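Here's the structure we're looking at; comments come further down.
Structure follows, in structure tokens:
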């Protein structure tokens, strides 16, 4: 079983940075690791990726020292279990609004006595039983990260109860869905969104947990890191490539 360097960095108080990955080609996620990012979020919520593809992306990421986190489509125990069974460093679950929903995530992600995750060692996470399985459930409970999204007004209202749920490592604030919940879709710099996120970060950090969010550009990322974000998702692989293509073409045509 692989050591989770991402979890160790977070525990040491370091800021970690990584993009979302929507592209199925393993070359993209390899490049992310070779470029020096700490993690990548394999996006099965908005991206077109299958579980089989996500498994291959996890392999490619770990070959270059990158910790892969799999974002599932919804708070669903089978999806959470499969995201972890393919050997990812952790799972990221969207649209959490209540303590009960957060507790359901933990039950699905953790083996007994912490949860009720189904047990099979014939998986990539279990090294297919090639290596010793003694104490494996405890090791996976300890190593694999659990991340939940707060993406709506209701989640912000229930944040203190959600934060109190044990065995959640990162609480991720989704700025775009938050803006939609405030009735201003896409306006992530609106004062209502910014204030809600700043107050949430303060509460999350005060509770001893890591706060996360997404930024589309370096300036926004630096702003949220200064506000206390420790788990910083920076860009999306296809968007990064699209911008590089536009900038390259414009430099030639305008040069």
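Numbering (the working numbering), first residue to last: 619 to 873. Just so you know, even glycine gets a beta-carbon here, dropped at the ideal spot from N, CA and C. These figures come from a predicted structure and were not determined experimentally.
CA-to-CA distance, residue j to residue i, given in whole angstroms
| i | j | result |
| --- | --- | --- |
| residue 659 | residue 817 | 25 Å |
| residue 790 | residue 642 | 24 Å |
| residue 652 | residue 635 | 13 Å |
| residue 812 | residue 758 | 36 Å |
| residue 696 | residue 722 | 12 Å |
| residue 745 | residue 708 | 16 Å |
| residue 871 | residue 646 | 27 Å |
| residue 714 | residue 730 | 22 Å |
| residue 629 | residue 763 | 11 Å |
| residue 726 | residue 738 | 14 Å |
| residue 720 | residue 798 | 21 Å |
| residue 774 | residue 844 | 21 Å |
| residue 781 | residue 749 | 36 Å |
Alpha helix (DSSP H) segment containing residue i, residue limits
| i | result |
| --- | --- |
| residue 860 | 855-872 |
| residue 819 | 809-824 |
| residue 678 | 669-681 |
| residue 771 | 771-775 |
| residue 620 | Here residue 620 belongs to no alpha helix (DSSP H), and DSSP marks it neither H nor E. |
| residue 569 | There is no way to answer for residue 569, as the model of the chain reaches only from 619 to 873. |
| residue 805 | It is not in any alpha helix (DSSP H) - residue 805 carries neither H nor E in the DSSP assignment. |
Beta bridge counterpart(s) of residue i as assigned by DSSP
| i | result |
| --- | --- |
| residue 849 | 634 and 830 |
| residue 658 | 686 |
| residue 711 | 766 |
| residue 739 | DSSP output for residue 739 lists no bridge partner at all. |
| residue 646 | Answer by DSSP bridge pairing: none, since residue 646 is not bridged. |
| residue 843 | Note: residue 843 sits in no beta bridge, so no partner. |
| residue 639 | 660 |
Neighbourhood of residue i by C-beta, 7 Å cutoff - its chain only, sequence neighbours within 5 removed
| i | result |
| --- | --- |
| residue 794 | 804 and 806 |
| residue 699 | 726, 735 and 736 |
Heavy atom of the ligand NAD within 7 Å of residue i beta-carbon
| i | result |
| --- | --- |
| residue 731 | Because no ligand of any kind appears in the structure shown, any question about the ligand NAD cannot be addressed here. |
Distance between beta carbons of residue j and residue i, contact taken as under 8 Å
| i | j | result |
| --- | --- | --- |
| residue 724 | residue 736 | At roughly 14 Å, the Cβ-Cβ gap does not stay under 8 Å, so residue 724 and residue 736 are not in contact. |
| residue 704 | residue 669 | 7 Å |
Residue i, enclosing beta strand (DSSP E) - first and last residue
| i | result |
| --- | --- |
| residue 791 | 788-791 |
Own chain partners of residue i with C-beta closer than 8 Å, once the 5 adjacent residues on each side are dropped
| i | result |
| --- | --- |
| residue 740 | 746 and 747 |
Beta-carbon proximity list for residue i, same chain, < 6 Å, skipping 5 on both sides
| i | result |
| --- | --- |
| residue 673 | 704 |
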